[in-house]
Amino acid sequence: MTSSAILTEVSTNRSFNGYQKVFEHKSNQLGCDMKFGAYIPDHEPEQKLPVLFYLSGLTCTEANFLQKSGCQRFASQHGVIVVNPDTSPRGVKVEGDDESWDLGVSAGHYLDATEPKWAKHYRMYSYIVEEFVPLIFNQFPVDQAKVGIFGHSMGGHGALTIGLRNPSVFKSISAFAAICNPSAASLTNKAFTAYLGEDRSNWAKYDSVEVSKVYAGPKRTILLDQGTADTFYTGKNLLPENLIEVQNPNIEFDFRRRETYDHSYFYIATFIEEHFQFHVKSWNSGKLTVEMPSCEEEVLRIGKKLDKMVEGKKEMDAAEELIEALTELPITMDILTKTRIGVTINNLRKKATDEKLTKKAKSLIKQWKALLESKSSSSTPNSKKRKDSDYADSNSPADSQQSKESESRTAHLPKTNGLSASGDEVRQKTVELLINALKSSDLPDGTHDPEEIAMRVEEKLFEVHRGTGPKYTAAVRSRIFNLRDKKNPALRENVLTGAINPAIFAEMKSEEMASSEMKQMREKFNKEAIDVSLWLLC
780 MTSSAILTEV
790 STNRSFNGYQ
800 KVFEHKSNQL
810 GCDMKFGAYI
820 PDHEPEQKLP
830 VLFYLSGLTC
840 TEANFLQKSG
850 CQRFASQHGV
860 IVVNPDTSPR
870 GVKVEGDDES
880 WDLGVSAGHY
890 LDATEPKWAK
900 HYRMYSYIVE
910 EFVPLIFNQF
920 PVDQAKVGIF
930 GHSMGGHGAL
940 TIGLRNPSVF
950 KSISAFAAIC
960 NPSAASLTNK
970 AFTAYLGEDR
980 SNWAKYDSVE
990 VSKVYAGPKR
1000 TILLDQGTAD
1010 TFYTGKNLLP
1020 ENLIEVQNPN
1030 IEFDFRRRET
1040 YDHSYFYIAT
1050 FIEEHFQFHV
1060 KSWNSGKLTV
1070 EMPSCEEEVL
1080 RIGKKLDKMV
1090 EGKKEMDAAE
1100 ELIEALTELP
1110 ITMDILTKTR
1120 IGVTINNLRK
1130 KATDEKLTKK
1140 AKSLIKQWKA
1150 LLESKSSSST
1160 PNSKKRKDSD
1170 YADSNSPADS
1180 QQSKESESRT
1190 AHLPKTNGLS
1200 ASGDEVRQKT
1210 VELLINALKS
1220 SDLPDGTHDP
1230 EEIAMRVEEK
1240 LFEVHRGTGP
1250 KYTAAVRSRI
1260 FNLRDKKNPA
1270 LRENVLTGAI
1280 NPAIFAEMKS
1290 EEMASSEMKQ
1300 MREKFNKEAI
1310 DVSLWLLC
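The sequence shown begins at 780 in my numbering and counts up one residue at a time.
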């Protein structure tokens, strides 16, 4: 398959920071049309992304995984393309191919059949390795140094055998409830006999246990995931222990037993995040790449997306969300000048037909105009110095929240282990950054536990922004910037002593966190009309 292969887009849906798509193409290996799912995170035009191949189990189509697993959240979070093919040829009309659930349609077993009845079309191993993988590499922006494969049940068997037999392609392998030793399992006896014949020596290259014995590729760790309440497991059809017992110095197994979990997609959805983390760590020498970009880099990234909307190359559906992300960023005069983001927002304001979007763009321009004008007035000799006590008063939330805030001053902060239990290293990194910001100077008398405060703030941010997307990232950066602002020590003191409740702090807007001087400047300039020419000179 070359880059000239024709793909037909069957469907596309916005999901988190990316698109879940379904494509169809003509397969030369199988002699029929095949569908596959592809989740594509937002990315820059020249950016290459890691890719995970997922293989589904018996009775599945390409739809089951993308509709039930919840993979999109974590693919978006880690910037990983996820592709998942169908499980067998479709519409080829082999006699008896639809008479049972474990043979024929939706039961290709990721092998190349040798028995005459099945051999022409049932070539799922060659389809994946020789056709589907090259198609993905040629049609999508893939970083071929970061490629992984995983699957479930029959698909777990496929991921293990295909991954181990092609170590130069697949740098990481994991499996949910895999059929690890099909030669010894009654579940697969019918299909393997039908496809490959009675001679079991022909089965070896499609049996993970046998493939592991002869594996001579680079050293690797394979993640095996198994629920203990899985009836296929208790019925001795999956046999992961047989695979783990294989003695090969180049293979280690990370076997994770999940007490009380079964074989369903409820089980997969529960632990799929760990599989994403496993693969990302495998590609990055054991580390998750969760460092946040600088404010300037984030502004440039958002600006490029908005420019495309202004030029008509992209729809404006996400413009409002991007503007909201900009309002949370601690943008300085220097960043405004370097990025020319003001020009972009002004062009967007003139182009937009949605009244709500136009108002948000105008509001943001007013906010930045205040910053622009303040540059010339901030050095005035007669400017009044801010007192910390003045800031504390002016930084209070709205009146409707005062009683709630008053109660928080004496409330004990309960311990919570929810974040640590989640294993989300992006969120853990956020907590670490917040702790460092809270401890960036001497702690005032009456300080509450900074670690507990940081955790409470992060939990609220995660709840409000429904994940760790751009809004979450911008909100985190804004709070860290303001906590570290040496001209604004009262904010940090109020948060540490409980004068500002962590949950309230997590929802405060940039202007609420700002110093008294900045608030006064914003109020002054927000009353003035927008001078567009200022932005054309940025």
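Where a beta carbon is used, it is the ideal one built from N, C-alpha and C, also for glycine. These figures come from a predicted structure and were not determined experimentally.
When the Cα of Y1251 is compared with those of L1222, E1286, G1225 and N1273, which residue comes out closest?
E1286
Identity of the residue in I1120, I1001 and Q826 nearest Q1056 by Cα
I1001
Count the C-beta pairs between the segment 851-870 and the segment 951-968 that are closer than 8 Å, then say yes if the count reaches three, no if not.
no
Identify which residue in N1029, R1037, R999 and P1028 has its Cα closest to the Cα of Y1012.
Measuring C-alpha to C-alpha distances from Y1012 to each of N1029, R1037, R999 and P1028 identifies R1037 as the nearest.
With a threshold of 16 other CB atoms inside 10 Å of the CB of P1014, please say whether the residue is buried or exposed.
The sequence as given places Gly at residue 1014; Pro does not occur at that position. Exposed, because fewer than 16 other Cβ atoms sit within 10 Å of the Cβ of G1014.
For T933, does the three-state DSSP call read helix, strand or coil?
Note that residue 933 corresponds to Met in the displayed sequence, not to Thr. M933: helix per DSSP, three-state reduction.
Which of helix, strand or coil DSSP assigns to A1104
In this structure, DSSP gives A1104 a helical state, which the three-state scheme calls helix.
Of all the alpha helix (DSSP H) runs that stay within the bounds of the segment 1207-1253, which reach a length of 4 or more residues?
Complete alpha helix (DSSP H) runs here, min 4: 1229-1244.
Using only alpha-carbon positions, find the residue among E1291, V908 and A956 that is nearest to S1043.
A956
Can you pull the DSSP bridge partners for A817?
K800 and V862
By a C-beta neighbour count over all protein chains shown, 10 Å radius and 16 as the cutoff for buried, is T1123 buried or exposed?
It is buried - the Cβ of T1123 has at least 16 other Cβ atoms within 10 Å.
What would DSSP say about R902, mapped onto helix, strand or coil?
strand
Out of P829, M813 and I860, point me to the one whose CA is closest to T840's CA.
M813
Where K827 and L786 are concerned, what is the direct C-alpha to C-alpha distance, given to the nearest angstrom?
Spanning the two alpha carbons is a distance of roughly 20 Å.
What is the DSSP secondary structure of P913, reduced to helix, strand or coil?
helix
In terms of residues, what are the limits of the beta strand (DSSP E) holding Y1319?
Any answer about residue 1319 is impossible in this case: the structure gives the chain only from 780 up to 1317.
Quick one, are the C-beta atoms of A1278 and K1239 less than 8 Å apart?
no
Close beta carbons around H1318, own chain, < 7 Å, minus the five adjacent residues each side:
Not covered by the structure: residue 1318. The range shown for the chain is 780 to 1317.
Residue range of the beta strand (DSSP E) that P829 falls in?
Its beta strand (DSSP E) spans residues L828 to L834.
For H822, which residues from the same chain have a beta carbon less than 8 Å from its beta carbon, with the 5 sequence-adjacent residues on both sides left out?
L828, G858 and P920
Rounding to the nearest angstrom, what Cα-Cα distance links N796 and K1066 in this structure?
Across the structure, N796 and K1066 are spaced so that their CA atoms are roughly 22 Å apart.
Spatial distance of T1226 from L1079 (CA atoms):
38 Å
Would you kindly work out how many angstroms separate the C-alpha atoms of I928 and I1023, rounded to a whole number?
19 Å
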